[in-house]
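Q: For the sequence shown, our numbering gives the first residue as 1373, with consecutive numbering after it. Glycine residues also receive a C-beta, built at the ideal position from the N, C-alpha and C atoms. For reference, the structure I am asking about is given below.
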Amino acid sequence: DIYTSTQAALDLLERYQREFDDWRVVDLAYNAGEYGVKTLVGSNTFGRDADELARLRVNPGAHDHLAKLLAVACVVSDPDRFHVELPEPTVDDLLTHIAFTAPVDLNLVAWISGVDVAQLRRYNPGYTSGRMPVNGPYGLLIPTTQKEAVETALSLLPTSMWRDWHEISLQQDEAMSVIATAHDIDADALAAINHVAPDGVLPAGKHVLLPGDRKSTRLNSSHI
């Protein structure tokens, strides 16, 4: 769970900063253990130079991580010196965490947001089966630009209809209103999810996302 684990890590780093008052020691404590580092540095929280830090007897991996972090900090603070062009984030790179009141099918969110479901799962690897557990947590990282669309579409559905969705390919032309009626769902909601007009006619071969698992679909076999 990228969101939850990041929040926990930031909380821990903030506490270490209050204790050690030196972000380099904070990094060592994060990787080598708080209490071991606290024993090594004692109550002296000021005036540590690089040589003193290098002599702290913590595991080599912790020292390596600090060295790499310092190197990255140098590059970020003065990229021209190292002939590096740093990428500039755009609005499309921003992610937002949405907390839900019930489990939501990742396929449903993917269709609403236009994000490939594989990418959505990469944003949310805590859901190892690709779906939210019944008992929670209920939350997703999604592109910030799609937050309003997801929340609006879900607000048109009862929460009991959020969890299970499946995709079909129409075998003949079909009115969206007929499909919505067959699945006892608001036509505006189903149209919004599938990015079509509520009063439109969908052509044969059109892929449509529908509520329920595949076995429970109420369209007859000629439509699937």
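#1: Looking at the unbroken beta strand (DSSP E) that takes in TRP1483, where does it start and where does it end?
#2: Mind checking whether ARG1538 and LEU1478 have CB atoms under 8 Å apart?
#3: For VAL1597, does the three-state DSSP call read helix, strand or coil?
#4: If you check the beta carbons only, do TYR1388 and VAL1398 fall under 8 Å apart?
#5: In three-state terms, what does DSSP make of ILE1374?
#6: Given LEU1428, which residues of its chain have a CB within under 6 Å of its CB, disregarding the five upstream and five downstream residues?
#7: Buried or exposed: GLU1546, going by 16 or more other Cβ atoms within 10 Å of its Cβ?
#8: Could you tell me which whole alpha helix (DSSP H) segments of length 4 or greater appear in the stretch 1466 to 1538?
#9: Taking the CB atoms as reference points, tell me whether LEU1528 and ALA1471 lie closer together than 8 Å.
#10: Straight-line CA distance for LEU1562 to GLU1460?
#11: So, HIS1579 versus SER1541, is the Cβ gap smaller than 8 Å?
#12: Mapping DSSP to helix, strand and coil, what is PRO1583?
#13: Just verifying my parser: in three-state terms, what is the DSSP assignment at ALA1554?
#14: Would PRO1475 be called buried (16 or more neighbouring beta carbons within 10 Å of its own) or exposed?
#15: Let's see if you can read the secondary structure: which residues bound the alpha helix (DSSP H) around GLY1408?
A: So, from the listed chains and residues:
#1: First-last for TRP1483: 1478 to 1485, but that is the alpha helix (DSSP H), not the beta strand (DSSP E).
#2: Position check: residue 1538 holds His in this sequence, whereas Arg was assumed. For HIS1538 and LEU1478, no; Cβs fall outside 8 Å.
#3: The shown model of the chain, from 1373 to 1596, leaves out residue 1597, and the question about it has no answer.
#4: yes
#5: ILE1374 falls in the helix class under three-state DSSP.
#6: LEU1412
#7: Burial check for GLU1546: the Cβ neighbour count within 10 Å reaches 16 or more, so the residue is buried.
#8: 1478 to 1485, 1489 to 1495, 1519 to 1527
#9: no
#10: 37 Å
#11: yes
#12: strand
#13: Correct three-state label for ALA1554: helix.
#14: buried
#15: Here the alpha helix (DSSP H) through GLY1408 covers 1406 to 1413.
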